[in-house]
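> These protein sequence lines map, in sequence, to chains B and C. So the first sequence is numbered by my numbering: it starts at 3 and just counts up by one. So the second sequence is numbered by my numbering: it starts at 697 and just counts up by one. Heads up, the beta-carbon is just placed ideally off N, CA and C, and yes, glycines get one too.
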Amino acid sequence: MSRIQESVIIRTVVRIMVPFIQLFALYVIMHGASGPGGGFQGGVIFGAAIILYAMIFGISEGKKKMSDALDKILASTGLTIYAGTGLACILFGGMFLQYDAVPLLPDPAVVSKYLIDLVEIGIGITVLAVMISLFFDVSPPEPEPEEAEE
Amino acid sequence: MTGFDLIAPHLPVLTVVIPLIAGFLTPIIGWIDRRLPWYWVMLAMFVVLLIAGNNLVTVINSGTIHYKLGGWDPPFGIEYVIDLLNGFVCLIIAFIAFMVSIYSKESVKKEVPGKTTPFYSVFLLLITGLMGMTITGDIFNFYVFLEISSLTAYALIAMGDRGDGVVASFNYLIMGTVAASFILLGIGYLYAVTGTLNMADMQNLLPGVYDSKVVLAALAFFMAGFSIKVGLFPLHAWLPDAYTHAPSTASALIAGLMTKVGVYAMIRFMFCVFTPAFVIDVNMTEILTWAAALAIIMGSVFAIAQSDIKRMLAYSSISQIGYILLGFGLVNVVGITGGLLHIMNHAFMKCALFLVAGAIFYKTDIRNIYQFKGLGKKMPVTTTVFLIAALSMIGVPGTVGFTSKWYLALGSIEANQWIFVAVILVSSLLNIVYFWRIFDNIWFGHPHEIENIKRDEAPLTMLIPMVILGILCVYFGFFSGDLIEHIFEPLAKTLLGLGGVP
Chain B
3 MSRIQESVII RTVVRIMVPF IQLFALYVIM HGASGPGGGF QGGVIFGAAI ILYAMIFGIS
63 EGKKKMSDAL DKILASTGLT IYAGTGLACI LFGGMFLQYD AVPLLPDPAV VSKYLIDLVE
123 IGIGITVLAV MISLFFDVSP PEPEPEEAEE
Chain C
697 MTGFDLIAPH LPVLTVVIPL IAGFLTPIIG WIDRRLPWYW VMLAMFVVLL IAGNNLVTVI
757 NSGTIHYKLG GWDPPFGIEY VIDLLNGFVC LIIAFIAFMV SIYSKESVKK EVPGKTTPFY
817 SVFLLLITGL MGMTITGDIF NFYVFLEISS LTAYALIAMG DRGDGVVASF NYLIMGTVAA
877 SFILLGIGYL YAVTGTLNMA DMQNLLPGVY DSKVVLAALA FFMAGFSIKV GLFPLHAWLP
937 DAYTHAPSTA SALIAGLMTK VGVYAMIRFM FCVFTPAFVI DVNMTEILTW AAALAIIMGS
997 VFAIAQSDIK RMLAYSSISQ IGYILLGFGL VNVVGITGGL LHIMNHAFMK CALFLVAGAI
1057 FYKTDIRNIY QFKGLGKKMP VTTTVFLIAA LSMIGVPGTV GFTSKWYLAL GSIEANQWIF
1117 VAVILVSSLL NIVYFWRIFD NIWFGHPHEI ENIKRDEAPL TMLIPMVILG ILCVYFGFFS
1177 GDLIEHIFEP LAKTLLGLGG VP
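(1) Going by alpha carbons, who is nearest to Tyr906/C out of Lys764/C, Ile724/C and Asp977/C?
(2) Helix, strand or coil for Gly44/B per DSSP?
(3) Is the separation between the beta-carbon of Val1030/C and that of Tyr1103/C shorter than 8 Å?
(4) What residue does the beta strand (DSSP E) around Phe775/C start on, and which one ends it?
(5) Going by alpha carbons, who is nearest to Leu721/C out of Ser141/B, Val30/B and Lys74/B?
(6) At 8 Å on the CB atoms, spell out the chain B contacts of Leu716/C, in chain order.
(7) Against chain C, does Leu99/B count as a neighbour if the rule is that its beta carbon must be under 8 Å from one of theirs?
(8) Answer with yes or no whether the minimum CB distance from Ile75/B to chain C is below 8 Å.
(9) Is there at least one Cβ from chain C nearer than 8 Å to Ala35/B's Cβ?
(10) Can you confirm whether the region 871-888 of chain C touches the region 945-953 of chain C when touching is taken to mean that 3 or more C-beta pairs between the two stretches lie within less than 8 Å?
(11) Which residue marks the beginning of the beta strand (DSSP E) containing Tyr763/C, and which one marks its end?
(12) Return the chain-ordered ranges of every beta strand (DSSP E) run that is complete within the region 1116-1171 of chain C and spans a minimum of 3 residues.
(13) Let me know the secondary structure DSSP gives Arg1063/C once reduced to three states.
(14) Assuming Leu707/C and Ile747/C form a contact by the criterion Cβ under 8 Å, report the distance between their Cβ atoms to the nearest whole angstrom.
(15) Could you tell me whether the Cβ atoms of Phe815/C and Val804/C are closer together than 8 Å?
(16) Tell me which residues of the region 711-738 of chain C have at least one Cβ-Cβ distance to chain B shorter than 7 Å, keeping chain order.
(17) Give the range of the alpha helix (DSSP H) segment to which Val753/C is assigned.
(18) Going by beta carbon distance, what residues of the same chain come within less than 7 Å of Ala1111/C, once the five residues before and after it are set aside?
(19) Just how far apart, CA to CA, sit Thr87/B and Gly96/B?
(20) Between Ser1123/C and Phe1175/C, what straight-line distance do the alpha-carbon atoms span, to the nearest angstrom?
(21) Counting pairs of Cβ atoms below 8 Å between the region 133-142 of chain B and the region 40-50 of chain B, do you hit three or more?
(22) Under 8 Å between C-beta atoms, does Tyr763/C make it to chain B?
(23) Whole-angstrom Cβ separation of Asn894/C and Pro715/C, contact assumed at under 8 Å?
(24) Return no unless some Cβ of chain C is closer than 8 Å to the Cβ of Ser69/B.
(25) Within the same chain, show all residues whose beta-carbon is closer than 6 Å to that of Ala77/B, passing over the 5 residues directly before and after it, in chain order.
(26) What residues in the region 92-119 of chain B have a beta carbon less than 9 Å from any beta carbon of chain C?
(27) Label Thr14/B either buried or exposed according to how many other C-beta atoms from any shown protein chain fall within 10 Å of its C-beta, with 16 as the threshold for buried.
(28) Measuring straight from C-alpha to C-alpha, what distance separates Leu745/C and Val712/C?
(29) What are the start and end residues of the alpha helix (DSSP H) that includes Ile23/B?
(30) Just to confirm, are Ala740/C and Leu820/C a CB contact at a threshold of 8 Å?
(31) Output yes if chain E places a C-beta closer than 8 Å to the C-beta of Val1119/C; else output no.
(32) Name the one or two DSSP bridge partners that Thr832/C has.
(33) Find out if the Cβ-Cβ distance for the pair Ala913/C, Tyr887/C is shorter than 8 Å.
(34) Find the residues of chain B that neighbour Val744/C, judging by a C-beta separation of less than 9 Å, and give them in chain order.
(35) When the cut-off is 8 Å and only beta carbons count, does Ser62/B lie next to chain C?
(36) Check Asn1028/C in the structure and name its three-state DSSP category.
So this is what it looks like as C-alpha cells:
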C-alpha cells in the first residue's frame, strides 16, 4: 500500500464521493437525449468512479465490487439492450433504430425520447464495463496479501 | 406474408448487426461452456453468409438496395447502400469468414490456449467492422467501421507468437493509426468543402469544387491512407510481421479479407466519391499503376528471400495486392474486370495458403520451408490443396489465378502499356521460383527416415474448408465465364460511368 492509499482523508473523501460521481454519471446518461452528455460520457464517468474506488482501496477490493464475470455480463447486456432496441423497431415495422415505429405510447415523439434513453443506458453499461475491465487488465497484479499490521 | 417477407427489407443492416450482437454475446456463451464459442461463431457466420448471399441475389434481380438507418432520409441520416460491387465483396467476406470459422476450432485451441473466448469475440467484431466498411454509404460511418476493424485486427495479431506478435501488432497499430488519420483528414476536408457525408450526395456536389486544392489534398490523403491500409509496396512495412506473427486463423482471415476491403474502399472512394474522370485527370491512376507494378515485382523478389512460410506468403500478398490495384489503375473495362476478379481469386487462394500453413504448423510445429521434407507423404490432402492454390498464385491455366492475370494482361495491352504485360510475366516467373522451393521440399525432399513417415493428416474441421477453397480455385478457373459476363464486366462499366447496371 502506498502512502496515498493509507491517507485517511483520501479514503474518506473517496468513500463519500463515489456515490455522488455515480449519481452524476446517471444524470449525464439520462440527460444525453436532450442536452450535452450521453451514454458514452456517462458510462466513462460511472466507470471512473469504480476505478477511483479500486485505486484507493486496492485492486482486489475493487474486484469484489465489480467481478470479472459481472463485467463480462454487463458489457454484453449493454450492447444487447442497444441492439435489442434496434431490432424491436424492426419488429414493429420500422427501420433499424427507427424509434417512432414502436407503438408504446400514443405520441411517437415521446416513444422516441424514451427509447433513445434506453439506447443511451445500453451504451453506458457497455462503456462502463469495458472501461473497468481495461483498468483491471492493465493494473499490476496485487503485491502480496496484506502483511500483518503493526 | 411470411416471416421472411417481414425481415427481408432489413437484411442489409442485419449483415452488420448480427456479428456485432454475436460478438458481444460470445463472452457469456464462453462463460457457460468453453467449447461453445466455436459453434456460436460458426452459426453466426453461417447466418451472415446466407444474408450476404440473399443481398447479392436481391441486387442482381432488382437493383441497388438502399437502407435508411432509423428512418432518416439521406443525406442527413446514415444510409446503407448495397450495389453489385459491395454486395459481391460482402459475400466474399462472409464466405471466407465462414470457412475460417470452421477451420479455427483446433488451431485456436492450440495457438491461443485459454483465450479462445476473447479470440472469437474479437473475430466476430472484426467481421462487423469489415462488413460495415463495405456496406455503408456514409463516409464518416465508414471511418467508424474502419477503426473497429483495425482495432480488432491489432488485438487478433497481438494474440499470436508471444512477444513477436505484440511487437508486430504495435507496428501495425502505429501505421494503421497514421493511415486512419490520413483518411479522417480526407473526410474532414471533403466535409468542409461539400457539407455532406453521404457518398452519393458527395459525388453529385464534388464536381462543382474540383478546381479547389482542398479536394485534391483530400484525394491525396485518401490514397496515402488506403495505400498504407492495403500494404502497397513502399508502405508495406507493417504487413509481413503482422501476417507472420498472428495466430494462423487470424492470419488467414486478415490476409484474406483486410486488404481486400481496403482495396474495395480505395475503389469506392476513387470511382464513387470522386469521379473516374477527375482521378484520371490528376494522374492518380497513373501513379497507382506504377506503384502497383513496383509492388508486384518487389513483393515477389522479397518473397524469394524468405524461409518462413507465413512471411513468404505475406510478401506474396503484397505482390498480389499490386495486381488488383494495377487492374484498377488501368481504368479500362478489361483491366477493372481483371482487378475485381482478382479480389475474389486472391481471397480464395491466399486464404487457402494461410490455412495450409496453419495446418502444417498445427501438426508439425514447423514454419521453415526447408524443414518441409517428406510432408507430401505425411499430409497428402493438405499439401495437395497447397499445390492447387500455389499453382493458382503462379497463374497456371485452369486455375483462378490464370483468368485474372489474363484479364490484367489484356487490360494492359488495351491501355497500350506493354510494360505491365512484362511485369505480370516476370512476376509469374518469380512466383514459380518461390513456390517451387516449397514443392521441391514437400514432394522431392528426402529426409533420412522417409520410410517411417506415417500418414498424419490435419483434423477434419481443418481439412474441409481448405479442400473447399482448393476446389473453388479450380472451379472458378474453368467456369468463371458467367460471373465475368453477368457481374464483373457490367460492374466495371458502371464504375467507369459507361452505363451497365444501374
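Taking the coordinates as given:
(1) Asp977/C
(2) helix
(3) yes
(4) For clarity, residue 775/C is Glu in the given sequence; the question names Phe instead. Start and end: Glu775 to Ile778.
(5) Lys74/B
(6) Leu81 and Ala85
(7) yes
(8) yes
(9) no
(10) no
(11) Ile761 to Lys764
(12) none
(13) coil
(14) 5 Å
(15) yes
(16) Val713, Leu716, Ile717, Phe720, Leu721, Pro723, Ile724 and Trp727
(17) Leu732 to Ser758
(18) Leu1026, Asn1028 and Gly1031
(19) 11 Å
(20) 25 Å
(21) yes
(22) yes
(23) So it is not a contact: roughly 24 Å between Cβ atoms.
(24) no
(25) Thr128, Ala131 and Val132
(26) Ile92, Leu93, Gly95, Gly96, Met97, Phe98, Leu99, Gln100, Tyr101, Asp102 and Ala103
(27) exposed
(28) 12 Å
(29) Val10 to His33
(30) yes
(31) In the structure shown, chain E cannot be found, because the protein chains are B and C.
(32) Tyr776/C
(33) no
(34) Result: empty, since nearest Cβ-Cβ is about 15 Å, beyond 9 Å.
(35) no
(36) coil
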